[in-house]
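Student: Below are the structure tokens for one structure; questions will follow.
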Amino acid sequence: MDKTTYRKRSRTRKLGITAGLSLLTTGCGERYLVFRPVGPVGQVEKDLIILSIILVLAVIIPVILLLWRIVWRYRDVPGNPAPYDPEWSESHVLEVIWWGIPIVIVGVLGAFTVRDTFLLTKPPERTAAPLTVQVTSLNWKWLFQYPDQKIATVNYCEIPTNRPIQFILSANGPMNSFWVPQLGGQEYAMPGMAMRLWLQADRSGVYYGHGANFTGRGFAHMAFNVIARPRAEFDGWVQQVRHSAPVLTRVGYQSLVQSSIVEPMTFSAYAPGIFESALLKEGGMYMKRDLTMLGRSHGH
Amino acid sequence: MSTFLPHFPATFIVTGDPLIYGAEVSIVLATVGILFVLTYFKKWRWLWREWLTTVDHKKISVMYLIAALLMFFRGGVDAMLMRTQLIRPNMSFLQAEHYNQIFTTHGTIMILFMAMPFIFAMFNIAVPLQIGARDVAFPYLNAVSFWLFFFAALLFNLSFVVGGSPDAGWVSYPPLAGLEFDRGPGENFYLLSLQITGIGSIATGINFMATILKMRAPGMTLMRMPLFSWSVLASSILIIFAFPALTVALALLLIDRLAGAHFFTMFQGGNPMMYINLFWIWGHPEVYIVILPAFGIFSEVVSTFSGKRIFGYSSMVASLMTISVISYVLWVHHFFTMGAGPGVNSFFAVATMCVGIPTGVKVFNWLFTMYRGRIRLTVPMLWAIAFIPIFAIGGATGVMLAAAPADYQYHNSFFLIAHFHQVLIGGTVFGMLAGMYYWWPKMFGYMLNERLGRWAFWLFNSGFYVTFFPQYLLGLMGMTRRMYTYPANMGWNTLNFISTMGAYVMGIGFIVLVMDVVYSIRFGERDVTGDPWNGRTLEWSLPSPAPHYNFARIPTVTSRDAWWTSKQERSRSDAPRKLEPLQPIHMPKSSGRPFIMSAIFFIGGFGLVFNWYALGFLALLGVLVSMLLRSLEYDTDYYVPVEEIEQTEAALGRA
Amino acid sequence: MTIAHGEFPVHGRSINHDAPLEYSLEEGALRIFGFWLFLATDLVLFACLFATYVVLHGAAAGGPTEAQLFDVPGFTAETLILLTSSFTGGLGTYAMHNGSRRGLITWMIITVLLGLSFIGLEVKEFVTYATHGAPLQRSAFLSAFFTLVGTHGCHVSLGILWMLSIIYQLARRGITPITARKVFIVGLYWHFLDIVWVFIFTVVYLNGVMS
Amino acid sequence: MSRPSTHASNTASGSLWMYIVGFVISIALTVGALWLVLARQFSTGTLLTVILLLAILQIGVQMFFFMHITDSPRPQFNLWILGLGMFFTFVVIAGSVWIMSFGAQGY
Ligand code: HEA
Ligand code: HEA
Ligand code: CUA
Ligand SMILES: [Cu+2]
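Read top to bottom, the protein sequences are chains G, V, U and X.
Using the working numbering, the first residue of the first sequence is number 1053, and each one after it goes up by one.
Using the working numbering, the first residue of the second sequence is number 22, and each one after it goes up by one.
Using the working numbering, the first residue of the third sequence is number 29, and each one after it goes up by one.
Using the working numbering, the first residue of the fourth sequence is number 24, and each one after it goes up by one.
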């Protein structure tokens, strides 16, 4: 699946969708982060959401109208002229209809769901080389490491636009979930394990992110921003960080692991192997896939 | 013991917050008050003989109902506190620790100590009467189930004042709930009390399964059985097969915590994901365990108050059975975002959506039961009618959640919170309230007041929409669950405020409901006929409340809606019915052992919470001894003589 | 005192002379059915423990592995003993149906003795592991191993206590529909534990020595 | 209480031979599985399948020869429950293994 597949589908659906969305896009619509995707992953998810809304409304609305009508028409008031038929309790035609309609709806929604499920496990775009960011959930902060740039940040994350980002998620602490609604859906960040999440931003901007899985007292403060900017600016930022920021030492990392709430931080370099060591902590999961993701061969 | 002894008083009695002091004082006062009243009015013997030792399903039902309402109140107060904290950004009404404890106890209490006893109250009052049985299959076991539940609830609620409440969410995922991040006893309270109540629930599942399959009155074939009993059968199947998974999940986490094992730790190869897996193997069926009986109640209520046969009976039965089997293979939809791979996610996503099909069939069949009926808008019927739109919408958002890639955006957000309150409140709670109003006269012999009932209904129902619809939007705005506070700049303020207001309206609705109960105890209209609603099933053939042996003569059933049919036949011909002569009735004896044994469970559980292994071991011994004593007991039942039956029946006006 | 309801028993004491003794009271038949339901829940309980074991059995965390730990003669002996006890338990039921109280009690005592020797071997196995660097706390694999096998062992121990109580009741009351029902139920329990053990033998031990 | 009728004893537990045959088969199945494993007759995968099949046969033997599932009163709801239990057992074990085999799909 490449970029075109990701895009083409969204165009075909756009027509029917705009109608249903008009309510949300006006006025305070900006706030509905899930409906304001800025990249292909979020777009695919939004399209699926809209499709599912339309499909379920197609049966929910009739149900509610029918209920309204029936209760009104057959209520027990003196002189109600509506027919009363206390023994009528079978109709094969009707039953076939309402076993049938939901089956069709589930069939359609199911097909799209399966397709998108597989789609989202692949990088959104093949033309640009992906950037890898290693994300660690700590109590109660997010650490971002850039293995290719060798820099690190805490509680914010800069990414280039129009380039797939491979987030490798892990935790050194309770399990969390990494969620940047406008880029796309979340995935768990678990201790002793690496998970891959593909996201991409097509537009520059500052996007809200938050841990989504409860991690204890400081959880509510685990917000971070993802700052997307054009390639050149991103590279400039990397250069600047390399020259100006302090280094994240092993000791510094250990103090980050302690439970605390901190302000955003930037590091021009980090002690090598922090991410891997947290991942491969004694007796960790050593999953074959974890190691391949980190660019290592299997075995330990 | 070792870990807690040094700073024992400080960890043992929870301190440090006026709210908690207040609660502690009021709990102590309430206990002293109850003890005083019992002593003053010399009610101890009465309490013991009539209630604590009873094995009568009708009395057990009453006790379940009282417990469920109390727990509803406790969970509801938790909800009010949470909503108050979220009323505006950066509130400092509750600290993070307290907020975390409160949503954990709210979720746990509402599901395990409110919804479960509530459905069991309904099982107990209706099933034996509907199928024409004298009691459940195993009355003694039934009492054991109740007291295990009761003492487990006590243990869980105790954590509030002794030792500290659990605070890792009602799902209690490790490693957050493991020793590394949670040393306190709160988590142990959670694990042990759920374990104890879980045993009780399994026993109830077995009991009702055996009752329904083996104790039906002659002529009541399965396909003539009332739909509520069918729904209990479906729910019991799920209880029997799902609860053991909870038992295992909790036990393994407990072993991790107490014995230093490594099932779910981060070290030595432990795998926290396996807990999540096991928890939801139970957790998903659990939500159907609490919804299926509600479906059954709606079927009874809709058909009764439409004055019409249920539409599509066979489809209704088929859908119940399908739902109960399918719902066992959906559990992964609670962790689509764990990355189990697209194959796994696809399979479980589609399977989840499939559950909408049989559920939809039920919705349409209810609609068409009303169609061409005569709809009496009584309070139970109002709850049933209001259930349909709420549940349809809640189910529809469930189907939206089931689309795995879309769920990556909803998971753990307020969208999810809105979904499950919509099905849990609109489905289970509405169902149980409908059932409560419907069977109340059968349980107590008088009706609840309709006027107050309507007020409670309208307040609770409209409050519901105001509370939970804004939460869908909050979810789409990116608000995640379990945040004790949120920043002001996200645009979430207004919607949260509205939601809190709605919650207050629901709270007032609940208060009116309680007022209805209190008012009716005093002024409620007597039900002298035993059939106040013009009912269709056998429980309405009995006086209200039914005598302790239920049926003086076991009825012979010839059709569906057995009571309705026999009323019709009677109105057609006025030939006097021939009655078989009465026979002595075989009944189980009361026993204090269920109460004592469960109390021992409680003591052992309490000991283990604080790692006092000696106490835990002693309790285990006590449980074994009481089981042994039971096994050696042969004098467990007696016969009600014919004269006594005649007298009772005459006193009830049924010669 | 017969309240005959054919297929639809009510709570009563009616006696069905065509059925085996343990089923002859309706209450007996009901309890036996209830016990089947209990076995179904126990089945799922073990299913969850097996699932946990299967998922975690490779996670030895650098500690002893299955292949290093398991000892073929040991677990084979345990298996043969338990299978035999299932057989002797069955012979007890057979004796009961022939109305022989002595035969029944004798076979049950033999079954209990076999059960005790099974437990003895298992305890010895556990103690050996635990004192040779492989306790429950060592790794996820060992946690899962001890818990799965230990849960079975607890079931067997409970079964032994239960049988002792029934032997006592038989000695005092002889073979009645009630004691017959108890014998039959404890027999079901015992055979069920045998089945579970066969899977422990296969999935834990055989699979362990294979790898 | 009535004496056990001879009729009952015959249908209920079959003859002594039932027990003996059952015992012999169960021992044979066990020893067979053990032998296959020790002798390493097949590749690991096949071997695992075969010994699992033998174990499943063993269930049948215990149920039929020892637990007398066939002579419970009709309708035999206990068989339904048992079937459902086996199905759920399969779902739990196979499902967990599949779910926890993360990324076996190789994406
Ligand atoms: C009574 C309780 C109850 C019930 C009945 C349901 C019913 C359903 N639930 Fe819900 N659910 C919960 C309680 C319940 N749920 C809880 C408590 C949680 C969260 C726990 C936590 O994390 O704390 C949860 C979470 C939850 C999730 C996990 C989301 C996440 O964590 O990200 C999902 C995902 O698939 C889901 C789906 C469904 C579906 C598809 C149904 C279906 O059964 C709904 C079927 C009904 C209908 C569809 C409506 C009627 C049908 C028609 C009118 C006909 C046709 C309609 C169509 C075909 C669309 N639920
Ligand atoms: C059957 C189950 C059930 C029921 C009935 C309810 C009922 C309610 N729930 Fe609950 N809820 C859950 C099950 C349920 N909930 C679960 C499982 C969770 C997840 C927990 C977790 O995350 O682990 C949850 C979480 C949850 C949250 C999310 C917290 C978070 O993640 O941050 C919220 C927030 O609004 C909420 C609100 C409510 C409200 C307003 C009600 C209302 O319906 C309540 C109505 C009120 C009453 C019935 C009582 C009224 C009492 C009074 C009026 C007395 C007032 C007195 C004082 C204030 C002193 N619930
Ligand atoms: Cu978790 Cu690999
Ligand atoms: Cu679910």
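The beta-carbon is built from N, C-alpha and C at its ideal position, and this holds for glycine as well.
All of these numbers come straight from a predicted model, not from anything done at the bench.
#1: At 7 Å on the CB atoms, spell out the chain U contacts of residue 67(X), in chain order.
#2: Does the beta-carbon of residue 488(V), which I'm using as the reference point, lie nearer than 6 Å to any heavy atom of ligand 2?
#3: Quick one, which residues of the region 241-258 of chain V are near chain X if we go by CB-CB under 8 Å, in chain order?
#4: Tell me which residues share the same chain as residue 1283(G) and place their Cβ nearer than 6 Å to its Cβ, disregarding the 5 neighbours each side in the sequence.
#5: When the Cα of residue 387(V) is compared with those of 401(V), 320(V), 453(V), which residue comes out closest?
#6: Using a Cβ cut-off of 7 Å, which residues of the region 67-89 of chain U contact any Cβ in chain V, in chain order?
#7: What's the gap between the Cα of residue 125(U) and the Cα of residue 104(U)?
#8: Can you check whether the C-beta of residue 367(V) is within less than 7 Å of a C-beta belonging to chain G?
#9: Closest to residue 118(V) by CA distance: which of 1114(G), 1156(G), 1266(G), 1224(G) is it?
#10: In its own chain, which residues sit with a C-beta less than 8 Å from the C-beta of residue 194(U), not counting the 5 before and 5 after it?
#11: For chain U, find out if any of its Cβ atoms is closer than 7 Å to the Cβ of residue 183(V); answer yes or no.
#12: Taking Cβ to Cβ, would you say residue 434(V) is nearer than 7 Å to residue 75(V)?
#13: For chain V, is any of its Cβ atoms less than 7 Å away from the one on residue 96(U)?
#14: Under 6 Å from any heavy atom of ligand 1, does the C-beta of residue 350(V) make it?
#15: Report the option in 138(V), 68(V), 101(V) whose CA atom is closest to the CA atom of residue 484(V).
#16: Restricting to Cα atoms, I'd like to know which of 402(V), 587(V), 96(V), 289(V) is closest to residue 92(U).
#17: Evaluate the contact criterion for the region 87-103 of chain V versus the region 51-60 of chain V: three or more CB pairs, one atom per stretch, below 8 Å.
#18: Let me make sure I understand the geometry here. Which of 501(V), 381(V), 419(V), 458(V) has the alpha-carbon closest to that of residue 326(V)?
#19: Would you call the region 1179-1193 of chain G in contact with the region 1308-1321 of chain G, where contact means no fewer than 3 C-beta pairs closer than 8 Å?
#20: For residue 298(V), go through chain X and note every residue whose CB falls closer than 9 Å to its CB, in chain order.
#21: Which residues in chain V sit within 7 Å of residue 113(X), going by Cβ to Cβ distance?
#22: Can you give the Cα-Cα distance for residue 78(V) and residue 56(U), rounded to whole angstroms?
#23: Quick one: is residue 350(V) near chain X, going by C-beta distance under 7 Å?
#24: Measure the beta-carbon distance from residue 177(U) to residue 232(U) and round it to whole angstroms, keeping in mind my assumption that it falls under 8 Å.
#25: Who does residue 1124(G) pair with in a DSSP beta bridge?
#26: For a minimum of 4 consecutive residues, which ranges assigned as the alpha helix (DSSP H) are wholly contained in the region 140-169 of chain V?
#27: Just by C-beta distance, which residues in the region 168-182 of chain U are closer than 9 Å to chain V?
#28: So residue 1169(G) contacts chain V; which residues on that side make the cut at Cβ distance below 8 Å?
#29: Identify the contact partners of residue 1137(G) in chain V, using a Cβ-Cβ distance below 7 Å as the criterion.
#30: Under the three-state reduction of DSSP, which class applies to residue 122(V): helix, strand or coil?
#31: Helix, strand or coil for residue 1243(G), going by three-state DSSP, please let me know.
#32: Determine, for residue 127(U), whether the minimum Cβ-Cβ distance to residues of chain V falls below 7 Å.
#33: Use the C-beta contact count for residue 470(V): other C-beta atoms within 10 angstroms, 16 or more gives buried, fewer gives exposed.
#34: Please list, in chain order, all residues of the same chain as residue 198(V) whose beta carbon is under 6 Å from its beta carbon, the five residues on each side excluded.
#35: Between residue 1172(G) and residue 1093(G), how many whole angstroms is the CB-CB distance? I'm expecting something under 8 Å.
#36: What residue does the beta strand (DSSP E) around residue 1210(G) start on, and which one ends it?
Tutor: Concretely, from the data shown:
#1: 238
#2: yes
#3: 258
#4: 1212
#5: 320(V)
#6: 68, 69, 72, 73, 76, 77, 80, 83, 84, 87, 88, 89
#7: 32 Å
#8: yes
#9: 1266(G)
#10: 136, 207, 210, 211, 214
#11: no
#12: no
#13: no
#14: no
#15: 101(V)
#16: 289(V)
#17: no
#18: 458(V)
#19: yes
#20: 118, 119, 122, 123
#21: Within 7 Å Cβ-Cβ: nothing; residue 113(X) doesn't reach chain V, min ~11 Å.
#22: 20 Å
#23: yes
#24: 7 Å
#25: According to DSSP, which records beta bridges pairwise, residue 1124(G) is partnered with nothing at all.
#26: none
#27: 168, 169, 170, 171, 172, 174, 175, 179
#28: 363, 366, 367, 370, 425, 426
#29: 393
#30: helix
#31: strand
#32: no
#33: buried
#34: 189, 208
#35: 6 Å
#36: 1208-1212
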